[in-house]
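K.L.:
The following block contains the structure, expressed as structure tokens.
Residue numbers (this note's numbering): 68 to 634.
In structure tokens form, the structure reads like this:
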């Protein structure tokens, strides 16, 4: 064995043993014999990287690759450093070079996919991950990341399918459980995460177990899972943040605050921890402190969309609409597969603009009024609401063509620009008095209206429509929903209560059956068009749910909204 090979072998052995100073010395001795040995330069670079000297490592690897352009190990190591530095363009170029040298190099396909995804090229990332799986079907990370892309695109079914075909280790089981939980398949999710815990009970799995249990509304069990997670791993900041959510739901604000502060103390470099703390502070009305928390999150991660969104909302709370909307525009927007540009106010003469729903039913009904902006007069505007609102808007007077998902996937749909509905706020330039007021754009089907008119013929006094329960899956439902009995005092004043709920429980049904001045039409409210027709027969609507409030407002019926306190 030559001396250079001897020094190189010693360097490899001591490097693998974690003795970096000794490995460094052996590399230096080897390079004294041959300063252009690309093997030694590659190893020397790895040691420098481990010691935190990234610039030195880059220089050494670039030299190794220049000496031997086929040194796939040096190319990959250089790519990995750029990937860790978030210089994804440089990393991607090098991973592609490694693939050119070895077209079956699964790890290079995988890493190239990660770079592609970070660069916003999800479709290409999916193709690369499929190739990584083709050349190494045992590499679990490829399946997990491919599944994550499908989830981000809203295709939860395909995300689950990818994991079904993966080797079933605990990480795959955990990812699958979280997806099933998101699909509201709670029993299946709990079973899958239970199988993972039976294999290996780790703090990370207990945290995921807590998420699954919380989604299933088993809050006490979720609390127990998170407590076990932090007991096993006292510096687990993510679990402390999740623990805070449970404490908040259970009404223990002090413990929630303590858990959030603990998370920040453990990991003060996490933007997510400051965002979570800011959300808590906003919830309890400490707006200035919440603003400071979101600004701190942005100082750590300037592109953090949750911090931008919340900071934007705070500005709008305070009437600072322009900066608020600018920040709100940085929110995470709905996924749409298109290469067409977002509309930012360009002239629409001879162009087609596609506007689509983004958030809840109430938001769609409310902000559809922005479609009456003068810039859209006589222009080709296509609007896609949620499928549940399609018939309502199809018969409305909004000045655009209402379409559904089937229409846009038919192959005949063309557009020049697109925009999520909520983004119209910033383009229209909303001021406190600028949102179009008193526009009645929901048209009522006469047959349905007459049907409810007949059913309400015996009503006494004012006919008051009420909504007392919201969507149970909404995180803030506990703060807004009330008991039906809250409204029954109106009967004593000689008025008629009309339920606008689609579902009522057994006790509520008994109360409606007993009282002659209370009407339950839940069995007849199969669509928003039905609800609109019923509302049009009423004198007043009182609701805790904003979708009904916006619907009745768009019809022109006087409406009171009962909402949790907003500072």
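We treat Cβ as the ideally placed atom computed from N, Cα and C, and that holds for glycine.
In this text, all values refer to a predicted model and were calculated from it rather than measured experimentally.
1) When you compare only the Cα positions, how much space is there between residue 597 and residue 160?
2) According to DSSP, which residues form a beta bridge with residue 448?
3) Could you please give the first and the last residue of the uninterrupted beta strand (DSSP E) stretch that includes residue 660?
4) Tell me whether residue 570 sits in a helix, a strand or coil according to DSSP, three-state version.
5) Whole angstroms are fine: how far does the CA of residue 90 sit from the CA of residue 145?
6) Could you give the residue range of the alpha helix (DSSP H) that holds residue 243?
7) Based on the DSSP output, what are the partners of residue 383 in its beta bridges?
8) Check residue 488 in the structure and name its three-state DSSP category.
9) Cβ atoms of residue 165 and residue 134: under 7 Å apart, would you say?
10) In the DSSP assignment, find the unbroken alpha helix (DSSP H) run with residue 585 in it and report its ends.
11) If I'm right that residue 175 touches residue 148 with Cβ under 8 Å, what's the distance once you round it to whole angstroms?
12) Specify, as a first and last residue, the run of the alpha helix (DSSP H) that residue 531 falls within.
13) Should residue 270 go down as buried or exposed, given a rule of 16 or more other Cβ atoms within 10 Å for buried?
14) Which of the three DSSP states, helix, strand or coil, is assigned to residue 506?
15) Mark residue 373 as exposed unless 16 or more other C-beta atoms lie within 10 angstroms of its C-beta, in which case mark it buried.
16) Quick one, which of 592, 247, 558 has its alpha-carbon nearest residue 581's?
17) Taking residue 613 as the reference, which of 488, 547, 429, 153 has the closest Cα?
18) Pop quiz: residue 438 and residue 466 are said to be a contact at Cβ under 8 Å. What is the actual Cβ separation, rounded to whole angstroms?
19) Report whether the distance from the Cβ of residue 143 to the nearest heavy atom of the ligand GDP is below 6 Å.
20) Would you mind giving the Cβ-Cβ distance between residue 71 and residue 100, rounded to the nearest angstrom? I have them listed as a contact below 8 Å.
21) Go through the stretch 192 to 278 residue by residue and report every complete run of the alpha helix (DSSP H) that reaches 4 residues or more, in order.
22) Take residue 337 as the anchor and find which of 350, 360, 550, 325 has the nearest alpha-carbon.
23) Is the beta carbon of residue 266 closer than 7 Å to that of residue 237?
24) Rounded C-beta distance between residue 534 and residue 615? I'm assuming under 8 Å.
25) How many angstroms separate the CA atom of residue 474 from the CA atom of residue 384?
26) Flag this pair as yes or no: are the beta carbons of residue 260 and residue 275 separated by less than 7 Å?
27) Use the C-beta contact count for residue 179: other C-beta atoms within 10 angstroms, 16 or more gives buried, fewer gives exposed.
28) Does the contact criterion of 3 or more C-beta pairs under 8 Å hold for the stretch 452 to 462 versus the stretch 395 to 405?
29) So, for residue 563: in the same chain, excluding its five sequence neighbours on each side, which residues have a beta-carbon less than 8 Å away from its beta-carbon?
30) Would you mind sorting residue 521 into buried or exposed? The rule is 16 or more other CB atoms within 10 Å of its CB.
31) Using only the alpha-carbon positions, how far apart do residue 195 and residue 223 sit?
32) Whole angstroms is fine: what's the gap from residue 618's alpha carbon to residue 603's?
33) Tell me the start and end of each unbroken alpha helix (DSSP H) in the stretch 323 to 369 that is at least 4 residues and wholly inside, in chain order.
34) Near residue 114, which residues of its chain fall below 7 Å by C-beta distance, leaving aside the five closest residues on each side in sequence?
35) From which residue to which residue does the beta strand (DSSP E) around residue 403 run?
36) If you drop the 5 nearest sequence neighbours on each side, which residues of the same chain put their C-beta closer than 7 Å to that of residue 313?
P.N.:
Judging by the given coordinates:
1) 57 Å
2) 420
3) Outside the displayed span of the chain (68 to 634) sits residue 660, for which this structure offers no information.
4) coil
5) 19 Å
6) 237 to 249
7) According to DSSP, residue 383 bridges with nothing at all.
8) helix
9) no
10) Not the alpha helix (DSSP H): residue 585 falls in the beta strand (DSSP E), residues 585 to 587.
11) Not confirmed; about 15 Å, so no contact.
12) Not the alpha helix (DSSP H): residue 531 falls in the beta strand (DSSP E), residues 530 to 534.
13) buried
14) coil
15) buried
16) 558
17) 429
18) 6 Å
19) In the structure shown, the ligand GDP is absent, as is every other ligand, since no ligand is present at all.
20) 4 Å
21) 207 to 219, 223 to 231, 237 to 249, 253 to 266
22) 360
23) yes
24) 5 Å
25) 38 Å
26) yes
27) buried
28) no
29) 523, 526, 527, 528, 529, 530, 531, 584, 585, 586
30) exposed
31) 20 Å
32) 10 Å
33) 338 to 350, 354 to 367
34) 82, 87, 90, 91, 94
35) No beta strand (DSSP E) contains residue 403, which DSSP labels as neither H nor E.
36) 281, 286, 289, 290, 293
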